[in-house]
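Protein chains: 2
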Amino acid sequence: MPVHASLLILKPSLATTFLRSSLSSALVPFPLIRLRPFPNPRNLSFLSSAASSPTHSLVSSSGDNVGGGRSGAISPPPIEDSVQKIDVNPPRGTRDFPPEDMRLRNWLFNHFREVSRSFGFEEVDFPVLESEALFIRKAGEEIRDQLYCFEDRGNRRVALRPELTPSLARLVIQKGKSVSLPLKWFAVGQCWRYERMTRGRRREHYQWNMDIIGVPEVMAEAELISSIVTFFKRVGITASDVGFKVSSRKVLQEVLRCYSIPENLFGKVCVIIDKMEKIPIDEITKELKSLGMSEEAIKDLLQVLSIKSLTKLEEILGAAGEAVADLKQLFSLAEKFGYSEWIQFDASVVRGLAYYTGIVFEGFDREGKLRAICGGGRYDHLLSTFGGDDVPACGFGFGDAVIIELLKEKGLLPELSLQVENIVCALDHYLQGAAAAVATRLREKGQSVDLVLESKPLKWVFKRAARTNAQRLILVGNSEWQRGMVSVKILSSGEQYEIKLDELE
Amino acid sequence: MPVHASLLILKPSLATTFLRSSLSSALVPFPLIRLRPFPNPRNLSFLSSAASSPTHSLVSSSGDNVGGGRSGAISPPPIEDSVQKIDVNPPRGTRDFPPEDMRLRNWLFNHFREVSRSFGFEEVDFPVLESEALFIRKAGEEIRDQLYCFEDRGNRRVALRPELTPSLARLVIQKGKSVSLPLKWFAVGQCWRYERMTRGRRREHYQWNMDIIGVPEVMAEAELISSIVTFFKRVGITASDVGFKVSSRKVLQEVLRCYSIPENLFGKVCVIIDKMEKIPIDEITKELKSLGMSEEAIKDLLQVLSIKSLTKLEEILGAAGEAVADLKQLFSLAEKFGYSEWIQFDASVVRGLAYYTGIVFEGFDREGKLRAICGGGRYDHLLSTFGGDDVPACGFGFGDAVIIELLKEKGLLPELSLQVENIVCALDHYLQGAAAAVATRLREKGQSVDLVLESKPLKWVFKRAARTNAQRLILVGNSEWQRGMVSVKILSSGEQYEIKLDELE
C-alpha cells in the first residue's frame, strides 16, 4: 500500500495510532531499522510539545546521514557498534584463563605464596609496563632481544616487563634508607617477551620470584634453594624427579682473569656460554672469538665448564678463590637445610642473565625432557649499575609453564573442581524473592550459595548441582514456605528433610 | 716508573709474579680497569698452554676497541652495563606495590574473591594485552578515547585492556556450546588507560568484575547488587555511607523511541548523558543536538532524567513498558535480598559504556565527595555485536582506587603488618647451619620462620623481631646445641626456656 507508506513517512503522528501497541514490546532493543511509535500523550503529558510536533528532525547534520525528518524513518542508519565478527582467540602467544585453568593457576600461585610466607618473605609487585631503559643491557641476552617494547602515545619507550628483578632493584633504590636490610621479598607476576611464534612458545608467562637484598653471605642462596625445595615437596615432586645444578660465576671470572679478558665482557661471555646446550659448540666458539678471546682461552674455558666435581674444581682453581669457597659453603649448608640430594655442582651452569655475579643455580628435571624449571643466583652489582648503592642481592625466577608440564608428566596435577556448598532454588517463579532471602541468610552464615536465578525444571537443577559439586540442595516451595520452612536435600547421601528457615545454617 | 709500565704491557707474564696474590682477593668483581694476573700454573696445569703464552690477544676485532695485546691492559674498555642512572619511579601513572601496599591490595582482593565465591562465582582471567579491535566502539566513550593502544613489533594493533567485559564476552563466544549457562564468572584484573596526567588520575587500576551470562531476568542484576552489598558489609561500610543509584537504559530507550531517534544512536546518547555531572548542561545539549535530536526532544529527555521516583516514572511511561516493570521487579527483589535501604531509583544514571541495554546501577558515597565506587548493568547484545549468539548478560566493575579512598575517609582501612611466627638466629657464625636445620624443622611443621642469614648482634635481632612481629625468638647457641637443645623466647611475654630440637613445634 504505497499511499499508506508515504503517510507513514511524512506524517508519522497519524501512523502511531495503530503502532502504539509496540511501545512496550521492545524485546529486542537494537533492530537496525524499526518504525518508531510516538508516545501515548497522556503518559508524556508533563513533557513539552513533542507529541504534537511530528516534524521534529530525526537525524540531521552529523555525518553522512543528513536527511531531515525522513532519514530516521527510511534510510538505514550508519551501522555503528553492529556486528564486527571478532577473533575469539586471545592474541597470539597469550592465554585466557577459563575457570578450570584459573583453578590450577590459583592452586600453583597459592603454593608459591604459602612457601614464600613460611620463609618470612613479604609480597611485592611492580607495574607490568616499565620504561624500556630498565631492561636495556648490552650483553646479547635472549631476554633483551625479545623485549616486548613499543612507543606509548606520549612517545616514551616502554616495555612489558620480561622479568621482575630490574623492577625490584628499582624499587629497592627508590626506598633507599627507609627500609632496613635485609629485605626478603617475593612476587608473582606476569612477564612478557616478543619472539616469532615458531617454537610454540608463549609471549607471556607468570613468574614467581624470591629475592634477598642485603645479605652478602652464601646463606642467602642456600635459603632460596631451600624454599624451592620446600615448594617441590609440597606439590609431590621428589629429588629423583628434579635436581639443581649449581655453580658460581666466579669460576668463570677467575678463568677469564687468567686470560686478561676485560671485566666488562664478563656478562657477554656468560650469556654466550649459557647457550651452550642450545646452539652448536662451533657457534659458541665463534661468538667467544668475536669478543676477542683467543682459541686457547676458549679451549681452557670450555674445559673448566665441563667440570662436574667440586674437588676437581678445587684442584684447578685452588682453595683460596672465592668461587670454590662459596660453593663449598653452599654444599655444606645444603646438608644442614636437608636438601643435599637435590643439588649437584655443574660448572656449565652460568644462567642467561648478564647481571649475575656469584652463585648461580637452575632446577632441572632428571629425565632431561624439559627446559630449566627455575633459575637464579647472586647479583651483587645490579643496583649499582642502576645508580644505586652497591647492595648484595640474590634471587630466583620460577615460571608457571615448565612446572605444569612436569606435574602433568608425573601425574601430580591436582583435580580441582568448582565446590559450592549450597544450591538454592525456588519451586515457583513468585518464590524467587524467598529463595533470595534464603541465599542471603546462608551467605551471612559464611556458606557459599549458587542461587538459581530463573525458573528451571528440577531436572535442570540437579544437573547444575552435580556440575557445581553442591553439597546441599535447598528447595523453596510454596507449602513449606507458608510454614516458614524449606526443604533440604544432602546430595551425597540423598537424605532429605524440612527445616525452619531460622534454623538453617 | 715508565720502564716497568711498558714491561707490564708487553710482557705481562713477568709482571704476574708480584701480582699473583690478587688472584683470589677479588672482592669487587667489576672494577672498570684492573691489572689482570695470570693463574698459578700449578693450579691450571690441566689447561692448555695458557700460562706460558703471555701474548694471547685480549680484546681484538670486536667493536671500537681494537688494539691487540695492549688494549685490555691500558685503554679503558667500552663501558657497557655500567652506571646508567635510572629513574627510580615507576612509569608515570603506574604504581609499585611495596610490602605495605601489597598487604592492603591482598586484603582487598581477598574480600573480592571471598564474596564472589560465596555467591558461587568462578574466577577467570584474560590477557592484559588484547587486540585493539575488541575495544573499538564508535560511541565516544571516555574508555575508548583513552585506550592504551599501540602497534606491536609484528605491526598488529593491540591495547592494554581498559576493562574486562569485552575479553569476557570474547571468551564466552569462544567456549560456545561447551559451557552450560548460566555462567557466573568473576575476575580481578589490571586495566589501563592512556590520558594526559593532568588530573592526577592513574593510568592503571585493578578492577573486580562479576558477570552473569545467560540469565535474562532481573534476578541476575539483583544478585549482583547483593554481592556488592555483601562486600561493603564485610569491610564495615554501611547503607549510610554508600548507596546505589539504579535505573534502566530502557527508560531512555522508550523516550528516544517517542522522538524516533534511530536505535543506532542509542549508545551515543547514553555516553553523552553519562557526562551530565561532569560537563556543563549546555555542552550536553550541544552534543545531543549534533546527533540530530530536536530541542524539544532534548528538553523532554532531560526532564525524564531528572526523575528520582519510580512512581513518577510509571506515571510518565505507563506501567506496561519494560523499563518500569524491570525496575519494580528489582526493587521488590532488593527487599527480599535485604538491601532495600541501599538502593534508590535515579533516572539520571545511564553509565558511560555504550553496550548497556537494561538495568544500570552505580555505587556512590552519600557524602558526594568521590567518583562512582562501582558500576554495572545489563548488556544483552554485546556478544552478538562481536558475532556471537545473542546471550543475555549483566555484570559490574569495581575499581580498587575509590574504595580505598572511601575506607580511608571512614577510618576503615585495616592495619596490616608483616606477621612471622618465628625468628631463628645462630649465636655463632659456625652455627648458621644448625640454625638452618632449626628453621627447616619449623617450616616442615607449618610454621613461618624468618631465618637470620648473617652474624648479627642480639640487639639487631630483637629489632628485627619487633619489625616482623615475630612471636618467638629461637636462639641456637653452642652449649645448648651440644645438648640438642635451643633457647626459645616468647616475645609477647618475655617467657624464656630451653627445649629439645625434637620437641620444637
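From first to last, the protein sequence lines stand for chains A and W.
For the first sequence, this note's numbering gives the first residue as 138, with consecutive numbering after it.
For the second sequence, this note's numbering gives the first residue as 138, with consecutive numbering after it.
Ideal Cβ positions, reconstructed from N, Cα and C, are used throughout, including at glycine.
If you're wondering where the values come from, they're calculated on a predicted model, not measured in any experiment.
Below the 8 Å Cβ cutoff, chain A contributes F287 as neighbours of E288(W), in chain order. Fewer than three beta-carbon pairs drawn from the segment 525-543 of chain W and the segment 553-570 of chain W are found closer than 8 Å, and the two stretches are therefore not classed as touching.
One thing to note: F368(W) has its Cβ no nearer than 9 Å to the Cβ of R580(A). Inside the segment 277-335 of chain W, DSSP marks whole alpha helix (DSSP H) runs of 4 or more residues at positions 279-282, 302-312, from first to last along the chain. Of the candidates E472(A), L450(A), V586(A), L450(A) places its Cα closest to the Cα of A462(A).
Using a CB distance cut-off of 9 Å, P417(W) does not count as an interface residue toward chain A.
Contacts with chain W at 9 Å (Cβ-Cβ) do not include T448(A). For G524(W), the C-beta contacts it makes with chain A under 9 Å involve V220, Q221, K222, I223, V225, in order along the chain. Residues of chain W with a Cβ closer than 7 Å to the Cβ of K473(A) are, in chain order, G570, A571, A573, A574.
Between V261(A) and A306(A), the alpha-carbon positions lie close to 12 Å from each other. For V372(A) against R250(A), the beta-carbon gap comes to about 13 Å, at or over 8 Å, which does not count as contact. M239(A): not part of any beta strand (DSSP E); member of the alpha helix (DSSP H) spanning 236-255, first to last residue. Neighbourhood of N346(A) in chain W, by CB distance below 9 Å: empty, with the nearest CB roughly 13 Å away. Scanning its chain for C-beta atoms nearer than 7 Å, with the 5 sequence neighbours on each side dropped, one finds around D411(A) the residues V487, R488, G489, in chain order. Between S268(W) and L245(W), the alpha-carbon positions lie close to 29 Å from each other. Within 8 Å of the CB of V261(W), the CB atoms of chain A belong to D233, F234, P235, P236, M239, in sequence order along the chain.
The DSSP assignment places 539-546 as complete runs of the alpha helix (DSSP H) inside the segment 521-569 of chain W, in order along the chain (cut-off: 4 residues). The beta carbon of F256(W) sits closer than 9 Å to some beta carbon of chain A. A distance of 9 Å or more separates the beta carbons of P399(A) and D517(A). Looking at the backbone, the Cα of S364(A) and that of E358(A) are separated by about 10 Å. For the 9 Å CB-CB criterion, V383(W) and I453(W) do not form a contact. Listed as beta-bridge partners of V372(W) by DSSP are no residues whatsoever.
Rounded to whole angstroms, the gap between the alpha carbons of D437(W) and E642(A) is 51 Å.
Interface annotation, M356(A): in contact with chain W, CB-CB separation under 9 Å.
Taking 9 Å as the cut-off, the Cβ atoms of E341(W) and L308(A) do not count as close. Judged by DSSP in its simplified three-state form, D262(A) adopts strand. As a beta-bridge residue in DSSP terms, C511(A) pairs with G500(A), F535(A). Look at R609(W) here: in three-state DSSP terms it is strand. Considering only beta carbons, the part of the segment 460-486 of chain A lying closer than 8 Å to chain W consists of S469, L470, E472, K473, F474, G475, in chain order. Put simply, the backbone Cα of Q311(W) is about 7 Å away from that of N226(A). Restricting attention to alpha helix (DSSP H) runs no shorter than 4 residues, the segment 431-511 of chain W encloses them at 432-442, 447-454, 459-474, ordered along the chain.
Collapsing the DSSP output to three states places G380(W) in a strand.
It is roughly 34 Å from the alpha-carbon of L519(A) to the alpha-carbon of R293(W).
Under DSSP, the beta-bridge partners assigned to V623(A) are I636(A).
Comparing alpha-carbon positions, the option among V388(W), R394(W), S521(W) lying closest to A460(W) turns out to be V388(W). Residues of chain W with a Cβ closer than 8 Å to the Cβ of P551(A) do not exist, since the nearest Cβ in that chain sits about 16 Å away.
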